[in-house]
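Protein chains in written order, with the numbering used here: chain G, 50 to 771; chain F, 967 to 1427.
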């Protein structure tokens, strides 16, 4: 590969003095700390996956070299040995003026860990480029670097410059063409300072909220929905130490960027640099793999295109964007369509049609095969009559004659698809069994078992394959080898979003309809919001607002308590610990223990209602169990009678609003609480007294529990008599 | 131009007591010796918008205003006076006169707007985009900046206030978000749908909604009819229209289109598609049209309406007289930097200094002052940055600084008036000292009294 020739010409000319003092450094993360490329990444690190027949990391390194970076630290974690071996054997180990050093780790689970480790190594001495090994770009760093340096000179807090690029997400799927979720960024149009970064903005559906202080500080803000984060960051040294200071920072964007934006004590600032004509994109998922491959074939990434990177003697570009290696054996009747890449030593049989696809080295493709929009890696055997549409086929796969891959299929290494077997759309097939733990998305992101332990796992699993063969044969047809991974519940619907296959039109139509429906339901919200607006009376406006604020606070508090409680229930946390946690919440929200009691009781009853029950008596049983089990927790917050009354009031409120099912059981539960000595009779009687004077409508529950109260009163009198 | 103008002149405003009274309703409050309403009407006449409905709160006030208009704008303006009950809000006032509205588009102007922004330009913008509503936005007045070059005397280093939070599209033509009132103090909630359609939204807090709107009549009437809780144009109607601009089928359920395309039946959805096409017939496709298209780019299924913004250039003058402070500022500006607002020809009988000034010896009248016709000033007086009305009698050794003195005021010898407003027919006896005071009409301040920061008014009978 001959990128260095290009690199030499495109080298950034910078002040020689400055260069001498501080060679430009880069940190390349050769681990994405994500699982989007599973099952492939169980066996090979993502950065070594071929992108138009060249490992991704080569694109990144070639660009770094051309952009004037002199020292690259490649951080590898998952399959680190493979990465190191590759780099040692590649041209990168012996470049003049461009050194590639590897940093290996076995226990890093996130980019944050990686940067902390690099900080400890103390190898970065100035500004550096932070990039992951799956980025393809041809931008010039000069301008961005200069802007960064000038800003840094004026304001020591300007520690990072993010590269962004125009890319409007689809109005229907709200995804960029790279398959990433929509991103909202607020940028000051004059200074280009990044003010807000929101990549997971579902929580407030339909709305995005901007902090009022931002608006107060900036007379003009541009809120972008049409920018793509290129994941190329120019950082100052402080970034590394910040990661060390904030040991909980894991994700570069979600924690670090957002953390800095929210933190107004340190006052660190992040700026953006927009590129217009050059290319920069990161391969985040299969959809971006597809998109970027096409961009490379269509030469948007020039000079980082296959014929330049591999040397123009090996690969020739023909008309209509067809790339063909010199020694391809092509049958006369085979048809290779536009925007297709055929690698060295590949043989293609009669009447085979290939279009918009990449076929790697040493593949054998039989006759009457149709390949459309697919990515076939090296040494793949495709027998006669197979059909492939929008699939990724890894090294060493064998497709027996007549096999069909429906759109979106991923065949990992050495899978064998049986004779005439149809692999259903969006299947992921691997020789390795699917890891069993079904973490939530969020956890997967950080505690990815591919990093560090992935290799071990794969070795172990490889050993298991032989005995399992007979079993798996059924999964991929006769003679097939491999497991079809089942899709996690809930993710299934979303599989098409990140697949290599284009989004089917029926999905689009469905989305449109869904959105319209959502509009209708949202109309109600809009109207109610406007109802709120008309409360413009001057006299009590401010008061209302205050009330609202404190009520909001309480709502949040209640939610937190509920979450804590649920965790306590599900994870069998000790009561003492739960008490401690609730107390911590109470302090942080500045609530009284009255509020705690109310919130805990609310959570208990809510859980009781939510646990399955078919009749009122079962519900009562649920509630009884709940109260028995957690009475200690509740009691820790019931110091005096007021708090007990609060519990009754809360219960009353629930019966009226959120948990109407309890309405009929009100007296029973009250009695239960009395029996468990959670409520004293004084509390109940005082509640009854208070309610005596209330409106008729307020006395519903009082009347229902009249009998019980009567009984209580009598008991009391009897006691007095004694 | 098929434009009807509704001037919401108001009538009684608690904020302006004691400046206004039964005899002097807000539209007739003298600003640089002209009734407030003059400024709006003058601009409208300049823009050739002559079909006017002036809405006044209260019957009596309406009579007063009516007689003044018929005296002043005899020719050129076709004015209808409509009286509405008090405290029904701006939307309520429009609802009350809704039956008078016939033109295709309606321009609604607040009567207390003192501005040199041509209303015609707002109307033209509205027409060009075929918008449902067009709002005029102006820069937030920075207190002190306007007169800083000339006087520099009252230069408070005040942070520019925030009146609205406005979201605009990249070409600054469309209004995508508007927040008023108490919403400004909260975190802004921006609709993702609009953001998706536009791509980027500029959020400005340095613009102000100047309360000059052009509405499509059908839309306006529809909203007024269906949302009977809406009271204010600024706080309810306009934000509602802006919010719902990409899903207007809930709002324009066929009625407005039926009127415009009278011969079409609206039974099938196909017709609605056609309607929205007609509704969105601007020359270049805007994001509204793009949004309303199907993924295959053919039929339009979603209804949208456009909300446009006309942004006044930052050099233009645009202030609403809705507080005492604004009253003082406007008086100062109109006689000072923004005096082009007065430089007209037709009904002008006032110069900066009236035609027959009778100034005593050694009396100085500084720049940026206005002296009404027939007023007399005695010896050794000083008038600085003040407006003095007609037929005032001012004694000797009087000092008037940064103040407004209305008509027929008698000021005794040796009075000192600073930063105050003295309404018509007030009598200030000798050696009265007023500092930052408001003196209501007909009040008599007895000899030698000193007041500071007080509001003096006659008790209403």
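Beta carbons: idealized from backbone N, C-alpha and C, even for Gly.
Here the structure is a predicted model, which means the values were calculated and not measured.
| Query | Result |
| --- | --- |
| The segment 1041–1059 of chain F touching the segment 1148–1168 of chain F, judged by at least three CB pairs closer than 8 Å | no |
| Exposed unless 16 or more other CB atoms sit within 10 angstroms - verdict on residue 351 of chain G | exposed |
| For residue 322 of chain G, three-class secondary structure by DSSP | strand |
| Residue 116 of chain G and residue 190 of chain G closer than 7 Å at C-beta | yes |
| Closer than 6 Å: residue 278 of chain G CB and nearest the ligand HEM heavy atom | For the structure depicted, the ligand HEM is absent and the ligand set is empty, with no information on it obtainable. |
| Sub-7 Å separation of residue 321 of chain G and residue 209 of chain G beta-carbons | no |
| Length of the line joining the Cα atoms of residue 399 of chain G and residue 432 of chain G | 11 Å |
| Proximal residues, the segment 1153–1164 of chain F versus chain G, C-beta separation under 9 Å | 1153, 1154, 1155, 1156, 1157, 1158, 1159, 1161, 1162, 1163, 1164 |
| Residue 99 of chain G in three-state terms, based on DSSP | strand |
| Amino acids of chain F, ordered along the chain, whose beta-carbon sits closer than 7 Å to that of residue 274 of chain G | 1161, 1162, 1165, 1166 |
| Outcome for residue 238 of chain G when other beta-carbon atoms lying within 10 angstroms are tallied against a minimum of 16 | exposed |
| Residue 271 of chain G: contacting residues in chain F (beta-carbon distance under 9 Å) | 1136, 1166, 1167, 1168, 1169 |
| Residues bridged to residue 438 of chain G (per DSSP) | G/421 |
| Residue 1087 of chain F, enclosing alpha helix (DSSP H) - first and last residue | 1085–1095 |
| First and last residue of the uninterrupted alpha helix (DSSP H) at residue 699 of chain G | 690–705 |
| Residue 637 of chain G versus G/95, G/658, G/605, residue with shortest Cα-Cα distance | G/605 |
| Range covered by the alpha helix (DSSP H) that runs through residue 409 of chain G | No alpha helix (DSSP H) contains residue 409 of chain G, which DSSP labels as neither H nor E. |
| Same chain, Cβ closer than 6 Å to residue 1147 of chain F, five either side skipped, listed in chain order | 1201 |
| Best match in G/257, G/203, G/231, G/233 for proximity to residue 240 of chain G [C-alpha to C-alpha] | G/203 |
| 7 Å Cβ cutoff, residue 1172 of chain F in contact with chain G | yes |
| CB contact below 7 Å: residue 1131 of chain F versus chain G | yes |
| Inside the segment 163–209 of chain G only - alpha helix (DSSP H) runs reaching at least 4 residues | 191–203 |
| Collapsed DSSP secondary structure at residue 1142 of chain F in the structure displayed | strand |
| Within 8 Å of chain F by C-beta, residues of the segment 213–226 of chain G in sequence order | 217, 218, 220, 221, 223 |
| Cβ neighbour criterion (16 or more within 10 Å) applied to residue 444 of chain G | buried |
| Cβ pair count under 8 Å reaching 3, the segment 747–760 of chain G against the segment 716–729 of chain G | yes |
| Own chain residues within Cβ distance below 8 Å of residue 71 of chain G, not counting five before or after | 174, 175, 176 |
| The segment 995–1014 of chain F in contact with the segment 758–765 of chain G per 3-pair CB rule at 8 Å | no |
| C-beta neighbour in chain F for residue 548 of chain G, strict 7 Å | no |
| Chain F contact for residue 313 of chain G (CB, 7 Å cutoff) | no |
| Alpha helix (DSSP H) runs contained entirely in the segment 612–674 of chain G, provided each spans 4 or more residues | 624–638, 642–659 |
| Helix, strand or coil at residue 256 of chain G [DSSP, three-state] | strand |
| Those residues which DSSP pairs with residue 1166 of chain F across a bridge | G/273 |
| Residue nearest to residue 1038 of chain F in terms of C-alpha spacing, selected from F/1026, F/1022, F/1005, F/1056 | F/1005 |
| Helix, strand or coil at residue 349 of chain G [DSSP, three-state] | coil |
| Anticipated Cβ contact below 8 Å, residue 1283 of chain F with residue 1299 of chain F, distance rounded | 7 Å |
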